[in-house]
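Read through the structure below, which is laid out as structure tokens, and then see the notes.
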Amino acid sequence: MNPLPSPLLLIGVGGAGAAVTHGILRAYGPGIRALVLDTDARTGANLDIPFTLLGGNRLAGRGTGGQPASARASFQDNPSLIDPALQGVSTAVVVTSLGGGTGGGATGELLKHLHTLGIVTLVFATLPFDFEGEERMRVAKTSAGPICQHADVSVVLPLNQLVATARSDNMQEALARGIDTLASGVTLLWRILEKPGYIRLDEAHLHQILKRCGRAQFATATAMGPDRARTVLANLAEHPLIKTDASRPPVRTMLVGVLAGDDLRLSEISTITSGLSAAFGPRATLELGTVNDETTFSGRLSVVMLLFEEGVGSARADDKSAAEGGAKQGFLDHKANSRFRHAEKTLWHNEDLDVPTFMRKQLTLDR
Ligand SMILES: Nc1nc2c(ncn2[C@@H]2O[C@H](COP(=O)(O)OP(=O)(O)OP(=O)(O)O)[C@@H](O)[C@H]2O)c(=O)[nH]1
Ligand SMILES: [Mg+2]
630 MNPLPSPLLL IGVGGAGAAV THGILRAYGP GIRALVLDTD ARTGANLDIP FTLLGGNRLA
690 GRGTGGQPAS ARASFQDNPS LIDPALQGVS TAVVVTSLGG GTGGGATGEL LKHLHTLGIV
750 TLVFATLPFD FEGEERMRVA KTSAGPICQH ADVSVVLPLN QLVATARSDN MQEALARGID
810 TLASGVTLLW RILEKPGYIR LDEAHLHQIL KRCGRAQFAT ATAMGPDRAR TVLANLAEHP
870 LIKTDASRPP VRTMLVGVLA GDDLRLSEIS TITSGLSAAF GPRATLELGT VNDETTFSGR
930 LSVVMLLFEE GVGSARADDK SAAEGGAKQG FLDHKANSRF RHAEKTLWHN EDLDVPTFMR
990 KQLTLDR
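In our numbering, the protein residues as written are 630 to 996.
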């Protein structure tokens with residue numbers, strides 16, 4: 630009898646999305662169920678990963694030539710085309726690089742479709758290098774809007790910052806190490822589920838944690854030696870992918886994986902959890918899973934964290950009222966903690982004028 634298919638699926642979208650997916654699978658080894666989607670047939674021909682060609686009738690397998698609208702239309706032509714590859718999937722981790730047509734245009738449509746099937750989505754999307762030019766960055770940022778709107782959790786990573794984690798000036802080496810950094814975030818769920826250590830998070834719980842969480846930041850660090858827990862904390866605090874204090878929104882939930890071999894100490898777990906809470910949000914809920922994998926992490930201690938930002942959450946069109954409720958609550962929470970917390974309410978005909986009008990009147994804003 631065949632084992633049940635994995636409920637986790639990795640999906641790479643577009644040419645770079647496919648290349649990154651390939652790199653991730655090579656870094657992780659066997660055990661990840663994956664699928665690649667592209668409008669360019671050459672991508673499928675060069676891969677040993679299940680592949681679905683989007684928009685075959687419309688584009689004849691030649692790609693979009695940098696047009697997100699073509700990719701959107703290609704996906705919309707037949708959204709159910711990918712359904713046979715989704716059997717038994719409850720959570721999808723989607724990887725794409727924005728700036729071109731397919732990743733930028735098809736990913737939002739894919740997320741919308743996965744949502745209609747009840748599949749929870751965690752998306753990692755890269756923004757182009759600065760040197761790729763303003764137009765590509767503009768296209769990428771426009772494409773990011775629907776992705777953040779339709780994903781349960783979205784992590785948007787500028788490639789400049791991702792390669793800064795590599796600390797190398799050699800383009801190829803920096804990109805390869807940047808992909809390794811990305812891979813540690815992308816594969817976190819598989820590691821937590823497949824090699825659980827003392828503290829376990831099961832699939833159903835992870836599913837609930839990710840549901841409608843909105844924007845997230847991601848960082849990872851690894852260290853060896855007797856003081857490795859403190860070294861990891863110091864590296865996370867200065868991580869190039871973590872926003873600086875001034876622009877960092879408050880963190881609502883932290884999903885943290887502690888990955889190590891057989892030598893992981895209880896005191897190290899406690900150093901890490903208290904250090905992360907102090908650095909990133911004493912009020913944030915901390916969801917911790919430990920991974921015990923002596924073969925991969927022997928002597929090393931690695932922490933992978935996703936920081937879910939406080940705010941509206943994922944504002945899908947069909948979740949509008951929940952999102953607006955969330956926005957209002959976020960505003961009220963913010964006020965509760967702000968320097969105005971002792972100020973008297975500005976009441977007028979029983980309405981609190983400190984709450985923005987669109988929230989008081991429950992108006993729908995154009996998205
Ligand atoms: N990580 C990584 N990113 C890349 C690579 N090549 C391109 N990119 C990035 O990916 C962005 C999108 O490019 P592609 O993936 O080629 O575009 P696409 O999604 O296939 O879209 P079209 O080919 O225009 O339909 C670029 O702007 C780059 O920022 C690569 O080899 N690795
Ligand atoms: Mg392409």
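Glycine included, each C-beta is placed from N, C-alpha and C at the ideal position. All values reported here derive from a predicted model rather than from experimental measurement.
**Request:** Could you tell me whether any non-hydrogen atom of ligand 2 is closer than 7 Å to the CB of G826?
**Result:** Checking the Cβ of G826 against ligand 2 gives no.
**Request:** Could you tell me if the beta carbon of S726 falls within a distance shorter than 7 Å of some heavy atom in ligand 1?
**Result:** At a threshold of 7 Å, S726 counts as near ligand 1, since its beta carbon sits closer than that to one of the ligand's heavy atoms.
**Assigned secondary structure, L683 (DSSP; H/G/I helix, E/B strand, else coil)** = Under the three-state reduction of DSSP output, L683 falls in the coil class, being neither helix nor strand.
**Asked** Cβ-heavy atom distance between T731 and ligand 2 below 7 Å?
**Response** Yes, since a heavy atom of ligand 2 falls inside the 7 Å radius drawn around the Cβ of T731.
**Asked** How many whole angstroms separate the CB atoms of T668 and T731, which I take to be in contact at a CB cut-off of 8 Å?
**Response** T668 to T731, Cβ: 5 Å. Contact.
**Message:** Judging by CA-CA distance, which residue of V861, S813, G728 is the nearest neighbour of A645?
**Reply:** With distances taken between CA atoms, A645 lies nearest to G728 out of V861, S813, G728.
**In DSSP terms, what N921 is bridged to** = Paired residues: A889.
**Prompt:** Tell me, which residues are paired with P787 by DSSP?
**Reply:** Looking at the DSSP assignment, P787 forms a beta bridge with L756.
**Asked** Anyone know if the C-beta pair for V792 and F753 falls short of 8 Å?
**Response** In this structure, F753 does not lie closer than 8 Å to V792 by Cβ.
**Request:** Pair every Cβ in the segment 683-693 with every Cβ in the segment 658-675, then say whether three or more of these pairs are closer than 8 Å.
**Result:** When Cβ pairs closer than 8 Å are counted between the two stretches, the segment 683-693 is seen to touch the segment 658-675, the count reaching three or more.
**Prompt:** By DSSP, does L870 sit in helix, in strand, or in coil?
**Reply:** Here DSSP, grouped into helix, strand and coil, assigns L870 to coil.
**Prompt:** Are there three or more Cβ pairs, one per stretch, closer than 8 Å when the segment 816-835 is compared with the segment 910-928?
**Reply:** In short, these stretches touch, since the Cβ pair count reaches three.
**Message:** By the three-class DSSP mapping on this structure, what secondary structure does L746 have?
**Reply:** Three-state DSSP puts L746 in coil, outside helix and strand.
**Contact shell at 5 Å, judged by CB to any heavy atom of ligand 2, ordered along the chain** = Every residue passing the under-5 Å Cβ criterion appears here: G644, D669, G692.
**Asked** Between P775 and the rest of its own chain, which residues show a CB-CB distance below 7 Å, the 5 nearest in sequence each way excluded?
**Response** A distance below 7 Å between beta-carbons, with the five flanking residues on each side excluded, links P775 to the following residues of its chain, in chain order: G737.
**Prompt:** Whose CA, out of P869, F704, A812, G843, lies closest to the CA of R655?
**Reply:** Here the closest residue by C-alpha is A812.
**Prompt:** For the 8 Å Cβ check, are there 3 or more pairs between the segment 837-856 and the segment 927-936?
**Reply:** Yes, the segment 837-856 is in contact with the segment 927-936.
**Request:** Return yes when at least one heavy atom of ligand 4 lies under 7 Å from the C-beta of K872, else no.
**Result:** This structure lacks ligand 4; its bound ligands are ligand 1 and ligand 2.
**Asked** For I748, which option in D759, G734, V723, G762 has the closest C-alpha, if you only look at C-alpha atoms?
**Response** Per the Cα distances, V723.
**Prompt:** Taking 7 Å as the cut-off, is the CB of P775 close to at least one heavy atom of ligand 1?
**Reply:** P775: no, Cβ never under 7 Å from ligand 1.
**Request:** Indicate the three-state DSSP secondary structure (helix, strand or coil) for I898 in the structure shown.
**Result:** I898: helix per DSSP, three-state reduction.
**Request:** Along the alpha helix (DSSP H) that carries L818, what are the first and last residues, could you check?
**Result:** From DSSP, the alpha helix (DSSP H) with L818 extends over 817-823.
**Asked** Hey, how far is the Cα of D781 from the Cα of R881?
**Response** Across the structure, D781 and R881 are spaced so that their CA atoms are roughly 15 Å apart.
**Request:** Throw me the rounded Cβ distance for the T720 and L637 pair, which I believe falls under 8 Å.
**Result:** 5 Å between Cβ atoms; contact.
**Prompt:** If you follow the alpha helix (DSSP H) that V722 is part of, which residue opens it and which one closes it?
**Reply:** Bounds of any alpha helix (DSSP H) do not take in V722; it lies within the beta strand (DSSP E) bounded by 720-726.
**Request:** Excluding the 5 residues preceding and the 5 following N686 in the sequence, name in chain order all residues of the same chain whose CB lies nearer than 8 Å to its CB.
**Result:** Excluding positions up to five away in sequence, the list reads D706.
**Request:** Just grab the DSSP bridge partners of I640 for me.
**Result:** Note: I640 sits in a beta bridge opposite L664, V723.
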